[in-house]
Every structure is written in C-alpha cells, then in structure tokens.
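From first to last, the protein sequence lines are chains B and R. Going by the working numbering, 96 is the number at position 95 of the first sequence; the sequence numbering is gapless. Going by the working numbering, 339 is the number at position 354 of the second sequence; the sequence numbering is gapless. See structure below.
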Amino acid sequence: MTGTATKVVVTGLGVAAPNGLGTQDYWAATRTGKGGIGRVTRFDPSQYPSRLAGEVPGFEARDHLPSRLLPQTDHMTRLALVAADWALADAGVKPQELPEFDMGVVTASSSGGFEFGQRELQALWSKGGQHVSAYQSFAWFYAVNSGQISIRNGMKGPSGVVVSEQAGGLDALAQARRQIRKGTQLIVSGGMDASVCTWGWVAQLAGKRLSTSDDPERAYLPFDAEARGHVPGEGGAILILENAEAARSRGARTYGEIAGYGATFDPKPGSGRPPALRKAIELALADAGVTPDEVDVVFADAAAIPELDRVEAEALTAVFGARGVPVTAPKTMTGRLYSGAAPLDVATALLAIEEGLIPPTTNVEPADGYDLDLVTGEARPAEVRTALVLARGFNGFNSALVVRAAH
Amino acid sequence: MTPRRVVITGIGVLAPGGIGVKNFWSLLSEGRTATRGITFFDPAQFRSRVAAEIDFDPAEHGLNPQETRRMDRAAQLAVVATREAVADSGIELTGIDPYRVGVTVGSAVGATMGLDQEYRVVSNGGLLDLVDHTYAVPHLYNHMVPSSFAAEVAWQVGAEGPSTVVSTGCTSGLDSVGHAVELIREGSADVMIAGSSDAPISPITMACFDAIKATTPRNDDPGHASRPFDGTRNGFVLGEGSAFFVLEELESARARGAHVYAEIAGYATRSNAYHMTGLRPDGAEMAEAIRVALDEARINGDAIDYINAHGSGTKQNDRHETAAFKKSLGDHAYRTPVSSIKSMVGHSLGAIGSIEIAASALAMEHNVVPPTANLHTPDPECDLDYVPLTAREHRTDTVLTVGSGFGGFQSAMVLARPERSVA
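Here's what the structure looks like:
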C-alpha cells in the first residue's frame, strides 16, 4: 500500500554522538545526564575565541571500514557509513537480501566533508593543483554520504540529499517518508556532520553563534539567563525507515512511527511578520493528526541565543500553553551537531518512548520569563507515546517532526 | 481525488553566453558555443584550461553592494534568475499566503568559489594549518552552509513555506525541481520557486577534475572543446549558471490566466550503487529512472518527442546514457532527436539540470530542438540522432530530460503539454 495513509516506521538506529559511540553507550550517558563536551582535541584551539566542542569518542575508522575507503572519505562520511551499518544491523536488515531498487538513502548535510576539503585546499595553495587528491571531486561535497552509503549497501532506489543547516536532519527524514509512501520499501536516512577542523572552526566563528566559555558545563545553556551561544559538535544518527507493513511482515522490531512533519521559513529580517516556527509545529501536529495535549514531550532546537530561545519558548507556549508540555534539550550534552542533531534527537525520542524516560537538559537553569516545563537536572520518568522534535537552521529554516509509539 | 498537476509558469536563466531566457534561447537555437579559455584566474598550472564563463556584473542586475558582498557568486546568480522567473510568470506573490510559497535550490558544490578564495586568505596561501579567524569575512558561515542559497531566494520572494537546498551532485538541478513538484502535489505548497545554481569555476575545482581527467584538455580550441557524443570527445567543459522556475498547480495557474510552458508530468531518481565517479556501461539505473518517470507521467515511451541528454562529453557518460535510452525506449530511441546543450554552455554541475529543463521547456515553446554543437565525428557506441550542429524544427509536445552524477545519482524528468489527455 502506498500514499499518505502508508505508515512509516523506524526499525533501526545507528548513533555516533559526543557522549557515546553506538546507541547503547549514547543512551546510557544521555539518560543519566553525562555530557561529552570538552576542549577540542582534533587541533590546538588555543588561538581561537571558542575552544570547546563535542567530539565523538573512541572512533577508529579502520576498525569498522575496509582500508580502501579511508583515503577517499572525510571523517563525517566514515561516521555515517559505520552508523548506517549499525542501523541496518539493529533493524535486522541484510541489504543483499532485498530488491536493490526497493532501498534508498536520503541524508542531510550541513557543510559536507569540510576537513577533507581543508586538506586539499591546503595542497592546492601551498603546493599546487597537481597535489590535489583524486578523491576531492566528491569526498567533500554534500552528496557524498548518500552516495557512499548507497554503494556500500547496494541500494539503487530513490536517494537524495537536503541541506538546510540544522533543520535538514528532519527534512531528510520527511523526504525518506515521502519516498516510502511513494512505494520504496526501505530508506536509510539521517544526518552526520563533523567539521571540527580549523577551517570549519573559523567559518563557524564567523557565524557568531559559538560560545566562548571554557567550562564544558557552562558553555551551552539554552533557555538559561546565561545563554550565550552554542558549542559545536560532530556526529549524528542514521535511522532505518520502512514501510510499516513491510516491516511487520518480516517480523521487524519497531521503535516508532514517523507520524507528522511540517516545515517553514522565517520572514526576511525587518519584514515585521512573526517568526514561522509556530506554524511549522502546527503543520506537523496536523499532519500527524494529534492535538497538542496528546504530545508527551518536546525535543527543543535550543539555540542558546537569547533571541532565538525566546522565539522557541513563545512558539511552544502558544501551541501548548504555559508549561503545557515537558520540554527537553539533551543536546546540551553533545553540542549542536548541525545536520546530525535532529536525527539524533529523533533517535533519543524513540529511546525515551521505549524506556518511559525523558532525558534531561543538563546544566541549565531556565531563565525567568520562559514559561517552559523544561526537564532539567535528572531524567524524568514519564509515559511517552508521542514526541515532537524541533530543528532550526541558520538563516531561518524551521522543521518539526512528530514521532509516535508503534503500538 | 485526482493528484494535483504542476506546471512551469515562469523561467529565469543565467547561462554562459546567454543571460536571460531570450539570449539563452538565441544561443541554443543558433548553435553557438560559449566555451572559452578561462579568464577568471590564471589557469596555467591546470591540465584543463577551458570553461564556460558568464560575463556577469552583479550591479548591472540590481544587486546592491551588501548583497554582492554577502553572497557567493552562485547565490548571486540564483537571486537574479529568481527575479527573472517571477517577472516572467506575472505572479503576484504578495497576494499569496507566504506559508504556501516554498523554495528549493539545487547546488552540487555550493559556495566553492567563495570558500576557495577565503581559504586562501585565512590560511595565508595554504601556509597555516591553524587558519587565522581574524582574516575571515563576516559572511564566511553563509559560504560554509549552502543552505544560505535557499535563504537568499526565499528572502527575494518573501517565501515562508518549505525551503531547502537539494544537493545531489550533478543531478541537483533536476532533483531540486522534482522535489518542488512533489511538495505542490502533496499539498505542502501551492507555489514553489525552484531551480538551481552553481559557480564552480575556481582553482580547486579545476584541480580536482584534472586529478581524475574528467575535464577536457582541448585547450587549443576552446570554442569547440565540449563535444558530447562525438568520437573525439575527451571530457567535459566546466561551466557555471543558474535557472529558476515558478511552479504552480495547474488549475490555479489557469485561473489567473498564466502562460503555461509545460507540465512537469513525471520525475524519478535512482542510484547506481556502483562507484562515486564511475558508470556501468549498461545504463540500467538511468533506464529505471526513465521508466518510473514515464510511468508517473502516464506517458508511453513512444510519445517522447525529444530527449534532452545529460551529454557531458566524457567517454563513459555518453555511452552509458545512450544505452539507457535504448533500454528504456527501445526502438523509439533511434527515432527520437537527442541533444546535449552542454556542447554550448558547458557543464555547470548542480545547475545544469535546471538549465536543461529550461531548454526543454523552450524547445516545446518554439517547437525547435536545440542542436549538439561540435558533433562531427561519429562514435559507433553513440548511434542515435544527436541533432548535430544545427537546431531543428520539430513538433515537441513531450520531452525527456535526464541527468547523471557523481555519487551514482541518475534522474529523469518528463515535460508535457498539460492539455494532453491524461488517463
């Protein structure tokens, strides 16, 4: 069965996060409020105004991938390939046993393989064009993760790549759902970014949203009176999305359903029109066919820029009422992961549904004036059947996605 | 409920040798080429030193100094193409709920030019591993995240609906428009400003294509360097450009009396799952994309009047693609004119797919098929009717346009006249 009545479910998770490599480690850390932010180790950050990042611990690409793939892949692609392997294994899917045109790959990217790009730009400008790698033609570009995952797993169905900075992670999952509704059985989806290199650092500094604190527990404080920017991180999550009937018929375990989605773009600054996040939330709820009081938890975008925190808090208050729904931002433990952030939040929401536990927003004390029921301190036990995940991309992209328990 | 049908009501094009739809069509219909020796920088160190450049002055096209500074060249091209498309469509966007207007921008390599230039500065010519943030331009983050292109286009038209960049390598220009069509069909938007833009003519791009010999070394004859389907072809000519469209639901377009260029009747994308840059000669995955696009359009392959080919001019592409046409259309492939406008405007990576949709719509508009320039020497593996050298008057109601790209993406789109009978 195809069409908008087609249910699309998540059957596998692959996680690479700063506070845990692999779903098990990540959830063990996240449910107990254990963070993964620290001083940058991938380069010496001393000379830069921001020096903290969320780096994925303990990842040795050669332990997971054939050596021929290493020279042609950026760090973010290696993470994505491995997370895709884990997600497929978690879903119990052996790609070689499925029809090749019935599987596709739709990922989000925010900045491509920036570290690979830096190395080749350096070769070009310091040594000359003939020193640029033969792999530069694709290893840095935004489509590389979808391409490499499709090749590694023999997936010939509809694939794609969306770029809407941090909102893109939800846009990719929505596009994956769209392709399944049009008739493809399985889509590998999600996002992975890793631009913790000096060139990426300088470009992010230019965006003026990075925290300059050196204290991992005081640097990224969304909704707090001391909010002053975010800590960037690397990683994300790859998810297996399937047609629910097909998943059921192969006896797959199901984490939950991708039930609703909405996307808007903010008005041009100075236009006088209201921010568009609230509309995205309303569209996603309507698409899922749920009322605000059926939502058990919201995973916030949590920009930690006071003006943006206010916009988000007001949108949530307008839809759910003052303190009308538990809100959390476990990304305080990882930093903002760009295209990887929202897929990781979706994975986290599904794990919260499974365990009946809302992970905390660590280190934050909500500022006066935000009428949010922010889950701070420790994780909060709760029956979670429906979760709303929000993601915003630099310049005004707003996406909202509803996940729902499978049963 | 019958599915919503999506039509093109406005076109804007910036292509080498053809800024604006009128100039673009003149170039194509006269079979002129816009490839030349690179002028943007000294290309002496590179194997391939030809490109298809646009003589583009942002100020002449109404961009103010701050917009020019803020935007990478690809974003500038996108904004100017968007303005032309909106003006061409005659649509009054102020009268439409902004949440029902969305944007998709295809781009393979984003702000490559800006990144290449700015890297050179912050690294002091590649000397610094720890690049110097104090030399970064204020809008460097907009170069890092090409989603800024979609933001610029959305601001240009006041769109507040679903907006994103689609980046699937060299099929981005088809996939961006295909994505926009899907958003209107499913009801997520009523109007989409959709297109693509790339401005990759920069040292880093020349270097990376040199390294895999993808671009032509025919530096002694730049005006005839792009030779799709020709037996002497030896690589593509890098180009730049942008094309944008106003896409609307058919009935509302008719209700406002809009001129309708074409319906986007079918679209599909598939992957070869084979190699990041290589193609299997059988063209099976492109053939499958074509089959699904025809199916979605509810059009029999025999109804295709013209094929706008990817035709990059690499040995492997043109062979691969020819096989895909035969596999999907059978004998009809031999009876159908096929041409590659890359022979004239080069290969602008993620932009070319949209520029080729524009060429396809204009072929329908004029009932003229653009030629494949520079095609003199037959290749036994490329044995279809490639419309060599000269444009051809030809009744064109239905067009197939395809793209193929790094990452293995294969996309196909069917354009048709909306008044055709739909089963």
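Where a beta carbon is used, it is the ideal one built from N, C-alpha and C, also for glycine. Everything numeric in this text was worked out from a predicted model, so none of it was measured.
Coarse secondary structure for residue i, derived from DSSP in three states
i: leucine 206 of chain B; result: helix
i: valine 435 of chain R; result: Beyond the ends of chain R as shown, which are -14 and 408, falls residue 435 of chain R; an answer cannot be given.
i: glutamine 451 of chain B; result: No information on residue 451 of chain B is available, as it lies outside the stretch 2 to 408 that chain B covers here.
i: methionine 193 of chain B; result: strand
i: aspartate 75 of chain B; result: coil
i: aspartate 225 of chain B; result: strand
i: aspartate 267 of chain R; result: coil
i: asparagine 257 of chain R; result: coil
i: glutamate 283 of chain B; result: helix
i: isoleucine 292 of chain R; result: strand
i: isoleucine 284 of chain R; result: coil
i: threonine 217 of chain R; result: coil
i: proline 67 of chain B; result: coil
i: valine 320 of chain B; result: helix
i: asparagine 127 of chain R; result: helix
Minimum Cβ-Cβ distance from residue i to chain B less than 9 Å
i: methionine 177 of chain R; result: no
i: leucine 112 of chain R; result: yes
i: asparagine 359 of chain R; result: no
i: aspartate 303 of chain R; result: no
i: leucine 385 of chain R; result: no
i: glutamine 30 of chain R; result: yes
i: aspartate 370 of chain R; result: no
i: isoleucine 189 of chain R; result: yes
i: isoleucine 284 of chain R; result: no
i: cysteine 193 of chain R; result: yes
i: proline 131 of chain R; result: yes
i: alanine 336 of chain R; result: no
i: leucine 467 of chain R; result: Lying before the first or after the last residue shown, residue 467 of chain R is absent from chain R, which here runs from -14 to 408.
i: aspartate 27 of chain R; result: no
i: threonine 321 of chain R; result: no
Beta-ladder partner(s) of residue i, from DSSP
i: methionine 177 of chain R; result: R/Gly87 and R/Leu232
i: cysteine 367 of chain R; result: R/Asp364
i: tyrosine 252 of chain R; result: R/Met398
i: proline 327 of chain B; result: B/Asp374
Chain R within 9 Å of residue i, Cβ atoms only
i: tyrosine 143 of chain B; result: yes
i: tyrosine 49 of chain B; result: yes
i: glutamine 123 of chain B; result: yes
i: aspartate 267 of chain B; result: yes
i: glutamine 97 of chain B; result: no
i: phenylalanine 395 of chain B; result: yes
i: alanine 304 of chain B; result: no
i: glutamine 186 of chain B; result: no
i: proline 1 of chain B; result: Residue 1 of chain B is absent from the structure shown; chain B starts at 2 and stops at 408.
i: lysine 8 of chain B; result: no
i: arginine 274 of chain B; result: yes
C-alpha distance - residue i paired with residue j, whole-angstrom precision
i: alanine 272 of chain R; j: glycine 286 of chain R; result: 11 Å
i: methionine 261 of chain R; j: glycine 114 of chain B; result: 15 Å
i: leucine 222 of chain B; j: methionine 129 of chain R; result: 25 Å
i: glycine 22 of chain R; j: arginine 182 of chain B; result: 48 Å
i: aspartate 280 of chain R; j: asparagine 257 of chain R; result: 20 Å
i: asparagine 396 of chain B; j: lysine 269 of chain B; result: 9 Å
i: glutamate 379 of chain B; j: leucine 358 of chain B; result: 10 Å
i: serine 214 of chain B; j: alanine 63 of chain R; result: 38 Å
i: glutamate 378 of chain R; j: alanine 66 of chain R; result: 27 Å
i: threonine 375 of chain R; j: alanine 92 of chain B; result: 55 Å
i: valine 145 of chain B; j: phenylalanine 139 of chain B; result: 6 Å
Contact under 9 Å by Cβ, residue i with residue j
i: glycine 338 of chain R; j: serine 152 of chain R; result: no
i: tyrosine 136 of chain B; j: glutamine 73 of chain B; result: yes
i: serine 110 of chain B; j: valine 189 of chain B; result: no
i: alanine 81 of chain B; j: glutamine 131 of chain B; result: no
i: valine -2 of chain R; j: isoleucine 249 of chain R; result: no
i: aspartate 172 of chain B; j: alanine 62 of chain B; result: no
i: glycine 161 of chain B; j: serine 147 of chain B; result: yes
i: leucine 369 of chain R; j: threonine 307 of chain R; result: yes
i: glycine 180 of chain R; j: glycine 91 of chain R; result: yes
i: aspartate 412 of chain R; j: serine 187 of chain R; result: It is not possible to answer for residue 412 of chain R, since the shown part of chain R is limited to -14 through 408.
i: isoleucine 259 of chain B; j: valine 403 of chain B; result: yes
i: glutamine 119 of chain B; j: tyrosine 104 of chain R; result: yes
Per-residue contacts from residue i into chain C (C-beta, under 8 Å)
i: alanine 346 of chain R; result: Of the chains in the structure shown, none is chain C; the protein chains are B and R.
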